[in-house]
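Notes for the one structure printed next.
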Amino acid sequence: MSSVILDQPAEEQTAAASQPKKSKKREEREQIIAKFHKEHLHWGNVDWVVLIWMAGIHIGAVAALFFISWQAIVTCLVLHWATASIGICLGYHRYLSHKSFKLRAPAEFFVLLCGVLSGEGSPLTWAATHRLHHQKSDKHGDPHSPFEGNWWSHLLWLFVYRDKELNDKFADHYIPDFKNRPMIQFFEKTYPLWLIGSGFAMYGIGYAMGGNYMGWSMLLWGLCARMAFVYNSTWFVNSATHLWGYRNYETTDQSKNLWWVAIVAYGEGWHNNHHAHPSVAPAGHRKWEIDITWWSIKALRAIGMAYDVNDRIPEKHAEPEVDPEPGKNGILVTK
Ligand SMILES: [Zn+2]
Ligand SMILES: [Zn+2]
Numbered sequence: 001m002s003s004v005i006l007d008q009p010a011e012e013q014t015a016a017a018s019q020p021k022k023s024k025k026r027e028e029r030e031q032i033i034a035k036f037h038k039e040h041l042h043w044g045n046v047d048w049v050v051l052i053w054m055a056g057i058h059i060g061a062v063a064a065l066f067f068i069s070w071q072a073i074v075t076c077l078v079l080h081w082a083t084a085s086i087g088i089c090l091g092y093h094r095y096l097s098h099k100s101f102k103l104r105a106p107a108e109f110f111v112l113l114c115g116v117l118s119g120e121g122s123p124l125t126w127a128a129t130h131r132l133h134h135q136k137s138d139k140h141g142d143p144h145s146p147f148e149g150n151w152w153s154h155l156l157w158l159f160v161y162r163d164k165e166l167n168d169k170f171a172d173h174y175i176p177d178f179k180n181r182p183m184i185q186f187f188e189k190t191y192p193l194w195l196i197g198s199g200f201a202m203y204g205i206g207y208a209m210g211g212n213y214m215g216w217s218m219l220l221w222g223l224c225a226r227m228a229f230v231y232n233s234t235w236f237v238n239s240a241t242h243l244w245g246y247r248n249y250e251t252t253d254q255s256k257n258l259w260w261v262a263i264v265a266y267g268e269g270w271h272n273n274h275h276a277h278p279s280v281a282p283a284g285h286r287k288w289e290i291d292i293t294w295w296s297i298k299a300l301r302a303i304g305m306a307y308d309v310n311d312r313i314p315e316k317h318a319e320p321e322v323d324p325e326p327g328k329n330g331i332l333v334t335k
């Protein structure tokens, strides 16, 4: 691992003085990263909560085909956009993981709530895992590189069990800038309740509209089918966009721009652009690279809810961005 690059000479001196402490920190970080390696996926170390949840959601998505109603399908589409584009792409990814812009409190609350309702994990664990992905992208230590197996990168990596203590330390290292924020802690602590509550709410609203059939229809489409679609779209960003597509920038990883993932994942398919310039809010850097999530960021800026937006589109073939520490925009340079 390279030495940390700092701008200020005074900070260089501080860094040198605290070298032994830093080494210990790095050692702990390496131990955490090791827990993401593929060899930790075996029957003795399966996260059964995640496995059973994922199986249940996918079974529910198939069952939804037997409980069709137009009201439930519309709910599914609206919540798909709200949780995937606003919650994951805008909230967990571009805001939390990369700090491409800032949000005023009401918008931050709404965006994080949408992220929580996606069922993709608590805010800190999601963002820390994603920053690790940028740090180690397509190298040993990347939590979900397709070069360790397509199915591993698509979903199997999610089934490795890691205890709460490790996840806490992981957040300390990879997302210290957000870790102690009260709103973030609120969602960390209440995360499962939102998911369970949203399931009851879906059934309850449906039941009130049209009895038992409509209750199941709303639950299966509004939660199960919607989540199954969102999961697979997000997972294609981890798998497909590191395998297929074209590149605008020469990054050290294998990230690619893939049009069909950009459609199903609301702009995140322009993944080579994103890996080259993670702190830039728009993911589409060419005219044809449509990025639906960017439209929402612009809308939030227009009403004053988003500010300090990094909308600087890099020049063609510009050198990829670098960041010496995780926590700034999610990248840690290794040489
Ligand atoms: Zn990637
Ligand atoms: Zn990213």
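With the first letter of the sequence shown counted as 1, position 295 gets the number 295 in full-length UniProt numbering; the numbers rise by one all the way through. Positions of the beta carbon are idealized from the N, C-alpha and C atoms, including for glycine. Remember, predicted model here, so these are calculated numbers, not experimental data.
- The Cβ-Cβ distance between residue 146 and residue 249 does not fall below 9 Å.
- With 6 Å as the limit between CB and the heavy atoms of ligand 1, the residues that fall short of it are 133, 137, 242, 255, 271 and 275.
- Judged by their CB atoms, residue 293 and residue 89 are nearer to each other than the 9 Å cut-off.
- Look at residue 128 here: in three-state DSSP terms it is helix.
- Straight across, the Cα-Cα distance linking residue 246 with residue 107 is about 34 Å.
- Within the same chain, 142 come within 6 Å of residue 136 by CB-CB distance, once the 5 residues on both sides are set aside.
- The Cβ-Cβ distance between residue 175 and residue 97 falls below 9 Å.
- Counting only runs of 3 or more residues that sit fully inside the stretch 114-179, no beta strand (DSSP E) segment turns up.
- In chain order, 218 place their CB closer than 7 Å to the CB of residue 205, counting only its own chain and leaving out the 5 sequence neighbours on each side.
- Relative to ligand 2, residue 93 has its C-beta within less than 8 Å of a heavy atom.
- Cβ-Cβ distances below 8 Å link residue 256 to 241, 242, 243, 244, 245, 246, 247, 271 and 272 in the same chain, with the five nearest sequence neighbours on each side left out; the list follows chain order.
- Taking 9 Å as the cut-off, the beta carbon of residue 54 is found closer than this to the beta carbon of residue 158.
- The straight-line gap separating the alpha-carbon atoms of residue 78 and residue 43 is approximately 37 Å.
- Using a Cβ distance threshold of 9 Å, residue 118 and residue 227 count as a contacting pair.
- Judged by DSSP in its simplified three-state form, residue 78 adopts helix.
- Exclusion of the five residues before and after residue 306 leaves 101, 102, 103, 104, 107, 297 and 300 as the residues of its chain whose Cβ lies within less than 8 Å of its Cβ.
- Taking the Cα positions, residue 278 is about 23 Å away from residue 180.
- For residue 217, the enclosing alpha helix (DSSP H) stretches over residues 182-219.
- If you check the C-beta of residue 69 against ligand 2, you find no heavy atom less than 8 Å away.
- Contact annotation, residue 281 with residue 311: C-beta distance approximately 6 Å; criterion of less than 8 Å satisfied.
- One thing to note: residue 190 has its Cβ no nearer than 9 Å to the Cβ of residue 120.
- Your pair residue 28 and residue 169 checks out as a contact, with CB atoms roughly 7 Å apart and the cut at 8 Å.
- As computed with DSSP, residue 246 is found in a beta bridge with 257.
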